[in-house]
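Everything on this sheet refers to the single structure shown next.
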Ligand SMILES: Nc1ncnc2c1ncn2[C@@H]1O[C@H](COP(=O)(O)OP(=O)(O)OP(=O)(O)O)[C@@H](O)[C@H]1O
Ligand SMILES: [Mg+2]
């Protein structure tokens with residue numbers, strides 16, 4: 617089943633002014649349910665503009681966005697329910713915290729959905745657990761928390777709506793490597809448990825390699841490609857021309873493939889590299 621589909625989606629900012637800019641240009645794509653999609657592209661390539669269309673935060677200048685089989689803009693009275701179905705975590709979401717307590721902040725979304733207090737409570741506690749926030753933190757003011765914890769509260773607020781599609785715009789920006797790995801690990805666990813669709817915008821190819829199944833590449837407002845991660849990283853030279861680098865281990869393997877026969881260059885995690893080297897060594901050991 618398709619989770620989200622766009623047809624010739626185009627968005628132009630500031631139409632009719634000197635600042636007019638086509639930020640998303642004729643993007644047609646179908647994202648299947650359950651995929652973990654890494655969204656990559658150079659600064660200004662249109663990633664944030666694109667994802668803000670997927671829950672109706674921005675309206676297309678032309679073209680269509682469908683959630684499942686339904687056109688997002690066909691009936692404006694349904695827009696609200698689509699916003700619950702597609703949860704969007706902005707870049708630096710901690711700036712949008714406003715609740716008196718962490719609990720009330722996380723509860724805001726599910727309360728708006730019209731759930732009972734009991735259901736809201738279950739959702740809040742479950743979402744907090746996903747992002748590693750202890751019960752005792754729920755009663756604190758969000759402003760007493762560290763940067764990484766604030767960001768977790770903001771992510772939990774979206775998880776608590778139990779969206780079928782979860783979109784995160786650079787959720788690890790500005791965090792240290794430990795904080796980055798922790799948040800990505802939590803999102804990965806959430807995805808594995810809920811089997812929902814995740815879109816992760818990231819500048820880090822390593823993060824995409826470790827987490828995503830599919831990669832969506834934007835280049836100068838257009839969709840360059842949407843394919844399995846290993847296929848996309850196999851197009852290193854083209855990505856390089858767009859100013860995107862592939863993971864370090866993929867670069868090493870691309871060079872190795874030119875020197876050692878039988879090496880598969882489509883390696884993009886250290887684990888896969890290790891497995892392939894060990895297999896090669898054992899072949900040699902057996903005199904093959
Ligand atoms: N509100 C706006 N008004 C006019 N132009 C805008 C607006 N927002 C973004 N743009 C322009 O649209 C283009 C795409 O921007 P967008 O923020 O979608 O890119 P991005 O891929 O998310 O970039 P980054 O990696 O820096 O976050 C850029 O040229 C940007 O300057
Ligand atoms: Mg952006």
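Numbering (the working numbering), first residue to last: 617 to 904.
Note that beta-carbon positions come from the ideal geometry of N, C-alpha and C, so glycine has one too.
Because the structure is a prediction, the values reported are computed rather than measured.
Residues that residue i bridges to, as DSSP identifies them
i           : result
residue 834 : 657 and 839
residue 781 : 702 and 813
residue 732 : Bridge partners of residue 732: none, in fact.
residue 621 : 646 and 682
residue 638 : 628
residue 796 : Per DSSP, none; premise fails for residue 796.
residue 652 : 814
residue 844 : 830
Where residue i falls, given that 16 or more other Cβ within 10 Å makes a residue buried
i           : result
residue 781 : buried
residue 768 : buried
residue 801 : exposed
residue 728 : exposed
residue 710 : buried
residue 897 : exposed
residue 665 : buried
residue 871 : exposed
residue 661 : buried
residue 902 : exposed
residue 818 : buried
residue 617 : exposed
residue 875 : exposed
residue 808 : exposed
residue 894 : exposed
residue 676 : buried
residue 635 : exposed
residue 764 : buried
residue 845 : buried
residue 887 : exposed
residue 631 : exposed
Own chain residues within Cβ distance below 7 Å of residue i, not counting five before or after
i           : result
residue 713 : 721, 758, 766, 769 and 770
residue 698 : 671, 672, 683 and 688
residue 623 : 644, 679 and 680
residue 651 : 813, 829 and 830
Spatial neighbours of residue i in its chain, beta-carbon cut-off 6 Å, leaving aside the 5 residues before and after
i           : result
residue 772 : 722, 743, 744 and 747
residue 774 : 703 and 705
residue 776 : 722, 725, 726, 739, 740 and 743
residue 621 : 646 and 682
residue 639 : 627, 629, 662, 665 and 837
residue 873 : 879 and 881
residue 825 : 863, 884 and 885
8 Å Cβ shell around residue i - same chain, five flanking residues per side excluded
i           : result
residue 823 : 654, 788, 796, 800 and 816
residue 779 : 700, 701, 702, 703 and 812
residue 974 : No answer is possible for residue 974: the residues shown for the chain start at 617 and end at 904.
Give a yes or no on contact between the region 830-845 and the region 680-688, applying the rule of three or more CB pairs nearer than 8 Å.
-> no
Unbroken beta strand (DSSP E) runs of length 3 or more, entirely within the region 675-705: which are they?
-> 678-683 and 702-705
At least 3 beta-carbon pairs within less than 8 Å: the region 845-853 vs the region 861-878 = yes
Answer yes if the region 731-741 comes into contact with the region 787-801, meaning at least three C-beta pairs across the two stretches below 8 Å, and no otherwise.
-> no
Counting only runs that start and end within the region 738-790, where is the alpha helix (DSSP H) found for 4 or more residues in a row?
-> 751-754 and 763-775
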